[in-house]
Ligand SMILES: Cc1cc2nc3c(=O)[nH]c(=O)nc-3n(C[C@H](O)[C@H](O)[C@H](O)COP(=O)(O)OP(=O)(O)OC[C@H]3O[C@@H](n4cnc5c(N)ncnc54)[C@H](O)[C@@H]3O)c2cc1C
Ligand code: SF4
Ligand code: SF4
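See the structure below:
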């Protein structure tokens, strides 16, 4: 299929649209995409993925003028369930490029005005979920929405009489949960271990995708509804769950994310120049690190690994290699993320794995790797990578980023809290209550690394669960 860059020519535009319409005809209208879409759960009156495809076959120009295009959050859930394997988020990205070129930003503004009725950090949400950087949206358009939102936002006046609720973590799940609870009249305090609130928004998502100032402004705005944030306060270190419950908090929402980066388990991971993904992204975002003309190697095949490698290129790396031990077919990253990384100049090397981290005086300078081949499928159904004996080789580099996954950091939580695979917190899926009565959880600490819409949905559900708990206990 032609790419967004072809939108600059009339011919390119027609080819892209024809191709998407042709693919839309393959849709069976089974509705699985709509049934699995988190944005449908959040905006049931605005967005129905399979209707949009059907409309596209009837009147593509009308679809390009509409605002529905702007609700897809590119989470790829629909693609994984589609019997035709249609790559919906890719069509949407292409259509958005066409819509902008033909009809300007009015439909996007309309979608934004709907998004801000539900989500109290709409510009951060939009910046992360619609990927303006992929459709070359002029940053001044997002800036203008941000300024308009801040100036138009009326101070939300909610009653202050309800019981006190503690929220742990100020990422999208914590902020959404706190806001929903404030709307119900509860007095809410957020305990946040970092200096900056915002979770992955302020810590990891690269500045070129989401400027830190936007996040901080939106949270300041949100605090005006009466939400208290206590920064530099870590549950398990500065305060315990029991202390929160003994103080007059009637319930606790754990929204602590998934911040424990998995390790390779080989020597040298503590060398200077070796980072976990979150350390690396934080250096770029908070400490404004510039990677002058260096060779960066990222190990991993997920969305976060793609973001880390793209960010390396954006912030000055001479070259960035991404090493993945299987092939592109088995790669967990979404196709849009892989395309974006390649567009940013990242060189993806398949069927290679690290076996040794070398350096001089504990400063990293070489990665020893081995070639892999695919063997029999493992328990996940993906073919197992098997080392090719004697194929070791050396990759010279300056920085190494280990991006093989994150999991919740639950060591600081009480042992009696039930956990499942990869340290995720087990909850009742309807109320989001954990194994401890009065303690609820939502976001990445329940799901493992997931998405912003998932965090928002879980937090809304938890707020309702807390409300029911308090009213019935
Ligand atoms: C690089 C990157 C790119 C991403 N891109 C996208 C994207 O394009 N689209 C998308 O939908 N999602 C994306 N995500 C995923 C998304 O950011 C997360 O799913 C989302 O932030 C989860 O929200 P959360 O509130 O559960 O956790 P977090 O955002 O991680 O927030 C958790 C908060 O809890 C705090 N905390 C942790 N432990 C404690 C404690 N003991 N005491 C006090 N505070 C604590 C943390 O400091 C943090 O502020 C991306 C993630 C990363 C890392
Ligand atoms: S899941 Fe696929 S086939 Fe089914 S309605 Fe959605 S796009 Fe069409
Ligand atoms: S990619 Fe996600 S948000 Fe977009 S239509 Fe599919 S399920 Fe919905």
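Residue numbers (my numbering): -8 to 464. Beta carbons are placed, not taken as given, at the ideal position from N, Cα and C, and that holds for glycine.
Inter-segment contact for the stretch 395 to 407 and the stretch 286 to 294 is present: three or more beta-carbon pairs are separated by less than 8 angstroms. Going by C-alpha positions, residue 104 is about 21 angstroms away from residue 214.
For residue 333, the closest alpha carbon among the candidates 344, 320 and 312 is that of 312.
Residue 346 and residue 383 do touch by the CB rule: their CB atoms are close to 7 angstroms apart, below 8 angstroms. Each of 18, 19, 20, 21, 22, 23, 24, 25, 40, 41, 44, 69, 72, 73, 74, 75, 77 and 79 has a C-beta closer than 7 angstroms to some heavy atom of ligand 2; these make up the full list, in chain order. In this structure, residue 51 sits near residue 8, with a CB-CB distance shorter than 7 angstroms.
Between residue 443 and residue 69, the C-beta spacing is not below 7 angstroms.
Each of 32, 107, 149 and 168 was checked against the Cα of residue 431, and the nearest Cα belongs to 168.
Closest in alpha carbon position to residue 132, among 342, 378, 97 and 370, is 97. The continuous beta strand (DSSP E) containing residue 368 extends over residues 354 to 368.
Straight-line spacing of the CA atoms in residue 364 and residue 306 works out to 33 angstroms. Here DSSP, grouped into helix, strand and coil, assigns residue 313 to strand.
Residue 69 carries a helical assignment under DSSP once its states are collapsed to helix, strand and coil.
Residue 308 has no beta-bridge partner at all, per DSSP.
Annotation for residue 89 indicates a beta carbon at 6 angstroms or more from all heavy atoms of ligand 1.
Straight-line measurement puts the Cα of residue 428 at about 37 angstroms from the Cα of residue 255. If you draw a 10 Å sphere on the C-beta of residue 237, you find fewer than 16 other C-beta atoms in it, and that means exposed. In this structure, 422 is the residue among 459, 422 and 461 with its C-alpha nearest to the C-alpha of residue 449. DSSP places residue 347 outside any alpha helix (DSSP H); the residue lies instead in the beta strand (DSSP E), whose first and last residues are 343 to 351.
Scanning its chain for C-beta atoms nearer than 6 angstroms, with the 5 sequence neighbours on each side dropped, one finds around residue 283 the residues 307, in chain order.
Set against 6 angstroms, the gap from the CB of residue 382 to the closest heavy atom of ligand 3 is not smaller.
Straight-line measurement puts the Cα of residue 106 at about 39 angstroms from the Cα of residue 340. Runs of the beta strand (DSSP E) lying entirely within the stretch 162 to 237 and spanning at least 3 residues, in chain order: 178 to 182 and 219 to 221.
Leaving aside the five residues that flank residue 279 on each side, none in its chain has a CB nearer than 7 angstroms to its CB.
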